[in-house]
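For reference, the structure discussed in these notes is given below.
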Amino acid sequence: MKDSHKEKELDQLFNQHSTDDSFGKIINKAKRKTIFRNAVISVFVLGLFTIAAGIGWLSIMRWQEAKALRDIELFSQITDPNIEEMGPQQQSNGLFESFLRFERYKVIEGIPVDWSEETITYSLFGGVSGFSGDHSYIQIVDEATDQMKFYDRKTKQRVLGFYHPEVEYAGLADGLGEFGNFPEETIAELALSFDQAYTPEQIRESLPEEVTLKWYWIDTYSPDDLERMNQKFEGEFVNFPELSNHVYGIEEFQFDEEIFAEEEQLTSEEGFVNRIHDGMTLENGKYFSEYKRIHDLLKGDDERLTSTDVKVIGAVVTGTKENLQTLEDMPIVRASALGVTVSPYQ
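In this text, residue positions in the sequence shown follow UniProt numbering: the first is 1, and each later residue adds one.
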């Protein structure tokens, strides 16, 4: 039956008496089959391409996200004095750019205290940057001392300030004296600025046991930096300290005798050096130039950067009012600046 139908079509095609209409129907039918077949193939190919492009886009964005997290997490370990970061939350996932939000906090004698969030952007084509906008601190002049005080935008808590021992300032903060006016039950963090550079071990031995050592301010300033910082403005020395978002250092490592023997545990200075070495391996990282600058500056003419090259010019400590008052009249403390203050009952 099927063969008879085909023969009939052929007879109509070659029959001299076949009409143009019959011939056109056959051609149109063949065209429709071709168009349908091409459409199916096109849809199939487009579907495969869309799936492949989607998988590729997602893979690249995840890879860029991992790179951004690596850069931020490693760099935060040598910056952000006494600031802890919680795991990132993905703010949005655009086609070419995404945002990560980090909730942050400080721990003051066992009490977590909110701190401002950090939001970063990373793109499909690489690159990490801070979220655009004004993120400057609140600035208020203390009428009693004529010194500028800086406050966190979100929490309205005091921002830590540091004073380099080789820089002349118009005035030095006296956070210890200021803290004397607070209620007895207040606990706080305090930024100590020393009169010269010390080894971390010297600081550990010098500070009273009553205070909690949280973080070391490490000297990463070149001679050119110090010359710039010592320049006078309108005949007077600078009146601004180095704020906590512009300093480098490392947290005080807590020894855990239940896990490692003392000789097996890293000191803070060894941890700092390890992080600089880790940063030096990330040549395409956002902060590679800073790791290299610090590495070359501290290493000097030595063959390799080691923990003996690390010098401390300040520290962050926490404690009660009574505990922190044990720091008064310590000859190594050139200046002290209050940071977060909190009631133990909140």
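Yeah, the Cβ is synthetic: ideal placement off N, Cα and C, and Gly gets one too.
- About 6 Å separates the beta carbon of Val159 from that of Leu243, a gap short enough to meet the 8 Å contact definition.
- Classified as exposed, Tyr345 has fewer than 16 neighbouring CB atoms from the shown chains inside 10 Å of its CB.
- Among the bridge pairs identified by DSSP, Arg104 is matched with Glu85, Trp115.
- For Asp225, the enclosing alpha helix (DSSP H) covers residues 223-229.
- Three or more Cβ pairs closer than 8 Å define a contact, and the segment 142-151 falls short of that threshold against the segment 300-310.
- With respect to the C-alpha of Ala144, the residue from Ile138, Thr155, Asp174 having the closest C-alpha is Asp174.
- A straight line joining the alpha-carbon of Ala53 with that of Gly47 spans about 10 Å.
- If you check the CB distance, Phe288 and Met280 come in under 9 Å.
- For Ser193 against Tyr163, the beta-carbon gap comes to about 4 Å, under 8 Å, which counts as contact.
- The shortest C-alpha to C-alpha distance from Asp225 to any of Val167, Phe253, Asn181 is the one to Val167.
- Within the model, the alpha-carbon separation for Ile138 versus Gly126 is close to 32 Å.
- By the criterion of a C-beta distance shorter than 7 Å, Ser116 is surrounded in its chain by Arg104, Asp152, Arg153, Lys154, Thr155, once the five residues flanking it on both sides are discounted.
- Annotation for Pro208: Thr326 place their beta carbon closer than 6 Å to its own, counting only its chain and skipping 5 residues before and after.
- Within the segment 157-181, the complete alpha helix (DSSP H) segments at least 4 residues long are 175-179, listed from N- to C-terminus.
- Under the 10 Å beta carbon count, Pro241 is surrounded by 16 or more other beta carbons and is classified as buried.
- The C-alpha of Gln64 is placed about 38 Å away from the C-alpha of Leu338.
- Its Cα nearest to that of Gly300, the residue Ser222 stands out among Val342, Arg32, Ser222.
- In this structure, the beta-carbon distance from Thr186 to Val333 does not fall below 9 Å.
- Along the length of the segment 233-312, whole alpha helix (DSSP H) runs at least 4 residues long occupy 268-280, 288-299, reported in chain order.
- In the DSSP assignment, Leu324 falls within the unbroken alpha helix (DSSP H) covering 321-324.
- Buried is the label assigned to Gln157, since at least 16 other Cβ atoms lie within 10 Å of its Cβ.
- Just so you know, the alpha carbons of Leu176 and Glu328 end up roughly 7 Å apart.
- For Ile203, the enclosing alpha helix (DSSP H) starts and ends at 200-206.
- DSSP, reduced to helix, strand and coil, places Gln64 within a helical segment of the structure shown.
- By the criterion of a C-beta distance shorter than 8 Å, Asp195 is surrounded in its chain by Pro165, Pro331, Ile332, Val333, Arg334, once the five residues flanking it on both sides are discounted.
- The straight-line gap separating the alpha-carbon atoms of Asp219 and Arg228 is approximately 16 Å.
- For Gly180, the number of other beta carbons within 10 angstroms of its own is below 16, and it is reported as exposed.
- Contact between Pro183 and Glu269 fails: their C-beta atoms lie close to 37 Å from each other, not under 8 Å.
- Spatial neighbours of Lys321 in its own chain (CB-CB distance under 7 Å, excluding positions within 5 residues in sequence) are listed in chain order as Phe179, Phe182, Glu184, Thr186.
- In the structure shown, the three-state DSSP call for Glu73 is helix.
- With a 10 Å radius around the Cβ and a threshold of 16 neighbouring Cβ atoms, Asp142 comes out exposed.
- About 5 Å separates the beta carbon of Ile120 from that of Leu100, a gap short enough to meet the 8 Å contact definition.
- Counting along the chain, Met148 sits inside the beta strand (DSSP E) bounded by residues 147-151.
- Within the same chain, and ignoring the five residues on either side of Leu74 in sequence, the residues whose Cβ sits closer than 7 Å to its Cβ are Arg275, Asp278, Gly279.
- Counting along the chain, the unbroken beta strand (DSSP E) around Gly339 starts and ends at 333-342.
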